[in-house]
Every structure is written in structure tokens, then in C-alpha cells.
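Protein chains: 2
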Amino acid sequence: MTHRLSRIPRSDALDNRERILEAARALFATEGLNVPLREVARRADVGPATLYRHFPTKEILATEAFADQMATCQRVVDEGLADQDPWRGFRSVIEKICELHSHDRGFTAAFVSAFPKAVDFTTSRDSALKAIADLASRAKAAGKLRPDFVIDDLILMLMANNGIQAASPAAQVAASRRFAALVIQAFQAVPERVSLPPVGRLALVSPGMILSD
Amino acid sequence: MTHRLSRIPRSDALDNRERILEAARALFATEGLNVPLREVARRADVGPATLYRHFPTKEILATEAFADQMATCQRVVDEGLADQDPWRGFRSVIEKICELHSHDRGFTAAFVSAFPKAVDFTTSRDSALKAIADLASRAKAAGKLRPDFVIDDLILMLMANNGIQAASPAAQVAASRRFAALVIQAFQAVPERVSLPPVGRLALVSPGMILSD
DNA sequence: ACGTTAACGGACGCCTCCGTCCGTTTTGGC
DNA sequence: GCCAAAACGGACGGAGGCGTCCGTTAACGT
């Protein structure tokens with residue numbers, strides 16, 4: 008009678024699970040979130056049923072697949088916070104996050120999406136945003152970041168960065184780098200600033216739109 | 008023998024053709040280019056075959072549907088060119104184009120895409136870009152636009168603008184407006200400019216990617 | 001070694017979209 | 001009014017994605 012509570016999974020199961028995640032990471036990065044799940048399964052050399060058994064929904068799969076990207080993201084933000092110069096920290100966060108997202112077509116979509124089920128993903132995103140907001144207000148206090156910057160501007164920037172399509176992965180990164188540089192210029196405080204129009208309510212678009220469209 | 012050369016189409020045919028275009032415009036604007044063609048047909052109160060008879064491919068339909076948007080685009084550019092102050096003209100072009108594109112989820116996709124069949128669309132886009140490049144060099148000469156601006160930055164900006172997702176049409180426009188303002192700040196020449204990283208080769212992504220994804 | 005059972009994956013049915021065929025309806029010249 | 005031909009649209013077959021069922025395989029405890 009060895010059955011009570013959370014049995015350890017079989018070795019091949021763990022194996023498959025890992026291979027699926029690997030395949031998902033690779034495909035999501037290059038193709039975006041809308042790859043057929045069969046293709047992930049095929050690449051992982053696994054039957055469709057196996058994939059669905061491990062990850063009942065695409066959201067769950069995406070959440071787990073992007074776990075380390077999310078961790079990287081958090082680390083980037085922490086590094087930015089650690090910088091004595093808040094403006095330099097802020098800039099580095101923007102540069103690194105743009106780069107991070109430019110490598111991975113799927114990640115931004117996931118990041119910007121409001122996965123309801125993926126609790127931990129949402130919370131870590133929000134904590135990252137919170138931290139950046141802190142950093143931003145410090146940079147404002149230092150007079151380097153424009154005072155009318157709001158955290159939604161960052162979301163705006165992420166979405167915008169996600170819209171960039173380049174011919175090759177390398178070009179994609181290059182384009183994002185330039186974009187980041189431009190954005191930083193735009194965020195910089197300068198004496199004679201014209202005021203910005205309000206952001207309005209951004210989407211945090213529903214997962215359905217991201218996963219299917 | 009009244010058959011030689013380009014017969015005038017029947018009245019109901021013209022009727023349907025116009026209704027199809029109307030439906031396509033409406034749906035492309037709200038849903039983007041990836042609406043099922045059946046839905047366009049349904050909205051136009053027309054059978055699928057009729058739609059395909061008038062517009063054999065989605066590209067052709069899109070091209071014709073966006074013809075007036077394209078004209079508006081050209082007009083905006085012309086207005087910008089007509090301004091005595093090239094920098095003000097340049098800014099207004101950016102603002103108006105961002106607004107134009109923010110109203111219409113499909114238009115940017117079409118604009119940025121490299122429809123091979125849609126000859127006239129491509130040429131008018133290129134002529135618009137050419138004109139903007141002229142305006143840009145005048146604005147540079149006036150010392151208002153940063154010297155390292157290149158026309159690909161505009162494409163970059165359009166793609167980025169296209170990535171913005173807002174909760175409602177109104178919010179979408181608001182977000183684009185703010186984005187345009189930020190972009191203008193970024194493009195403005197200021198004394199102590201750090202140099203920008205290169206753009207790299209942007210996509211002008213193939214129609215397939217835009218129409219299906 | 002062997003049997004129990006967790007885990008697998010091929011195959012199925014459902015759905016949506018696509019593009020075309022062909023019998024039917026409508027138009028416009030006479 | 002009539003009739004050729006132009007135009008229509010319902011219906012069909014095919015392709016691809018999805019999620020699940022169930023007969024088969026192979027891991028692990030004894």
C-alpha cells in the first residue's frame with residue numbers, strides 16, 4: 008500500500024517533461040507563442056497526449072517554459088536597483104530587458120499577457136514592475152528621469168519593442184538595441200520638456216488573444 | 008458582337024464589390040488582417056465564392072481596402088512637406104501617421120508588409136517613405152532632427168507602434184499618441200547626444216507571416 | 001524475474017478555415 | 001417580354017489544429 012500523497016514521478020516521465028520544456032522554450036523563442044502544440048510535442052519526440060498530460064493548457068506550459076527568463080528578468084531589475092546611480096540603473100534595466108525580449112518572440116507576449124491561471128508568473132511580473140517603479144522614482148528624484156514618466160510607459164515600451172520584426176535574429180537584437188537607446192533618450196529629463204499626452208489604459212491583453220491570434 | 012475588351016460589369020456585381028470592400032475595411036480595422044474571409048463575406052451579405060471571384064487573394068482585397076488609408080497617408084506626408092518649418096512638418100507626420108495606424112490594426116501590418124503582388128500599394132508606400140526622407144534631411148539641416156536619424160527608424164517606429172495593445176479603441180489612440188510624443192522627443196536633436204546603435208535590417212516581413220500569424 | 005500500474009503515443013472525432021465547383025438566379029440587350 | 005450570359009451562393013472536399021480515449025509499453029517495487 009504505497010500510494011498515499013504525492014508519489015514520486017517515474018524517471019521517464021521527468022525526462023519527457025524536461026524535453027518538452029526544452030522544445031517549448033526553443034520554439035516559443037523563435038516562432039512565438041502560437042506554435043501548434045503538436046509541433047512542440049514532435050520536437051520533444053513525444054506523443055501529443057504526453058504533452059497534454061504534463062501541461063494541460065498552453066498557459067501552464069508557457070509559464071513553466073519562461074520561468075528562467077522571468078528569473079533573469081528579476082535579476083536584471085535587481086542589478087538596476089543595486090546601482091548607486093538610479094538613472095544608470097534604470098537605463099541598464101531598459102537595455103537589458105529590451106535585449107532579453109528581443110531574443111524571444113514569445114516571452115514578451117507572455118509577459119504582457121494577463122494569464123489568470125499562471126499565478127506565480129503574474130506575481131513575479133508585478134513585483135518586477137514594482138521594483139522598476141521604485142527605481143524610476145529615485146531616478147526622477149535625481150532629476151535624470153522625466154517627471155511625467157509612469158510605469159505604464161514601460162509596458163508601452165515593451166509592447167512596442169515586441170512589435171519590431173527584423174529579418175534575422177541578429178538584426179532583431181540590433182533593432183531592439185537601437186529602439187532601447189531611442190526610448191532612453193525619450194525618457195530622459197531635459198530642461199524644456201513639452202508635456203506628454205496621457206497613456207490611457209493599456210491592454211494586458213487576455214491570453215486568448217495572444218495564444219490564438 | 009458586343010464583346011471586345013473590358014466589358015462594363017453588371018450593376019449587382021459592382022454593388023457587391025463595394026459592400027465587400029466596406030466589410031473588409033471595417034473588419035480589418037477592428038480585428039486585424041487575420042479575420043477569416045468568410046466573416047468578411049458574411050458581413051457583406053455575400054457568398055464566399057462571390058468574394059473570391061472579386062478578390063482572388065487576401066492580399067488583393069487588403070490592398071484595395073486600404074487604398075484610401077494609403078491616400079490619407081500620402082496626404083499627411085504632403086502636408087508635412089508643405090510646412091515651412093521642416094521639423095514641425097516632420098513631427099506632424101509622425102503624430103498623424105501614428106494616429107492613423109492606431110485606428111486600424113490591419114493597416115500597419117499591410118503597410119509594413121512586402122506584398123509582392125500589390126504593386127501600386129508598394130510603390131505608394133515607397134514614395135511616401137521617400138518624401139519623409141526628404142523632409143527628414145531638411146529637418147536635419149535645420150538642426151532640429153538628430154543627424155543620425157535614418158528612414159529605417161521610421162519603419163522601426165511604425166512596427167513598434169503596431170505592437171501596442173490597448174484595452175479599448177480610445178485607449179489605443181491615446182497610447183499611440185503618447186508613444187508618438189515620446190518618439191518625437193527621441194528623434195529631436197539636442198546638444199549632448201550619445202550615439203545610437205545601428206538599426207540593422209528590418210523585416211518588411213513576408214505577407215504570409217502577416218496574413219496567417 | 002515478474003507483475004502491477006504509471007506513463008506513453010497512435011488514432012479518432014470535432015472544429016474552423018480555405019478555395020472551388022456547379023446548379024440557380026438576376027441582369028440587361030434586343 | 002425573352003433569352004443569353006454574367007453573376008451569385010450553397011455545398012463540398014481538403015488541410016490543419018485541438019483535446020481525448022484506450023490499447024500498448026516499460027519502469028520500479030518486491
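In order, the protein sequences belong to chains Z and G.
Going by the numbering used here, the first residue of the first sequence is number 8, and it counts up by one from there.
Going by the numbering used here, the first residue of the second sequence is number 8, and it counts up by one from there.
We put the CB at the ideal spot given by N, CA and C, even for glycine.
The structure presented is a predicted model; accordingly, all values stated were derived computationally and were not measured.
Exposed unless 16 or more other CB atoms sit within 10 angstroms - verdict on residue i
| i | result |
| --- | --- |
| G113 (chain G) | buried |
| S183 (chain Z) | buried |
| G39 (chain G) | buried |
| T70 (chain Z) | buried |
| I15 (chain Z) | exposed |
| S18 (chain G) | exposed |
| Q91 (chain Z) | exposed |
| T115 (chain Z) | buried |
| E66 (chain G) | buried |
| N168 (chain Z) | buried |
| G150 (chain G) | exposed |
Span of the alpha helix (DSSP H) around residue i
| i | result |
| --- | --- |
| I104 (chain Z) | P93 to S109 |
| A37 (chain Z) | What sits at residue 37 (chain Z) in the sequence shown is Thr, not Ala. Segment S18 to E38, the alpha helix (DSSP H) holding T37 (chain Z). |
| Q195 (chain Z) | Unbroken run through Q195 (chain Z): none, as it is neither H nor E. |
| N41 (chain G) | Run containing N41 (chain G): none; DSSP gives neither H nor E here. |
| R82 (chain Z) | A74 to A89 |
| R14 (chain Z) | Neither: R14 (chain Z) is in no alpha helix (DSSP H) and is coded neither H nor E. |
| F118 (chain G) | R112 to V119 |
| G54 (chain Z) | Run containing G54 (chain Z): none; DSSP gives neither H nor E here. |
| G170 (chain G) | I158 to G170 |
Beta-carbon proximity list for residue i, same chain, < 8 Å, skipping 5 on both sides
| i | result |
| --- | --- |
| R26 (chain G) | A51, D52 and V53 |
| L209 (chain Z) | D159, I162, L163 and M166 |
| A89 (chain Z) | G96 |
| I171 (chain Z) | S109, Q179, A182, S183 and F186 |
| Y59 (chain G) | L44 |
Residue-level contact to chain Z via CB, residue i, 8 Å cutoff
| i | result |
| --- | --- |
| R98 (chain G) | no |
| D19 (chain G) | no |
| A167 (chain G) | yes |
| F186 (chain G) | yes |
| P205 (chain G) | yes |
| R112 (chain G) | no |
Residue i at chain G interface by Cβ criterion, 8 Å
| i | result |
| --- | --- |
| Q91 (chain Z) | no |
| A69 (chain Z) | no |
| A178 (chain Z) | yes |
| P154 (chain Z) | no |
| Q172 (chain Z) | yes |
| L28 (chain Z) | no |
| L161 (chain Z) | no |
| V190 (chain Z) | yes |
| R208 (chain Z) | yes |
| A182 (chain Z) | yes |
Proximal residues to residue i (C-beta, below 7 Å), its chain only, five neighbours per side dropped
| i | result |
| --- | --- |
| S131 (chain G) | M77 and Q81 |
| A187 (chain G) | I101, E102 and C105 |
Sequence-distant residues of its chain with Cβ nearer than 6 Å to residue i (five each side left out)
| i | result |
| --- | --- |
| D111 (chain Z) | A36 |
| S99 (chain G) | G87 |
Contact test: residue i Cβ vs the ligand GDP heavy atom, cutoff 7 Å
| i | result |
| --- | --- |
| Q81 (chain Z) | Ligands are entirely absent from the displayed structure, and the ligand GDP is therefore not among its contents. |
Original post:
What are the residues of the segment 192 to 203 of chain G that lie near chain Z, defined by any Cβ-Cβ distance shorter than 7 Å?
Top reply: Q192, A193, V197 and L203
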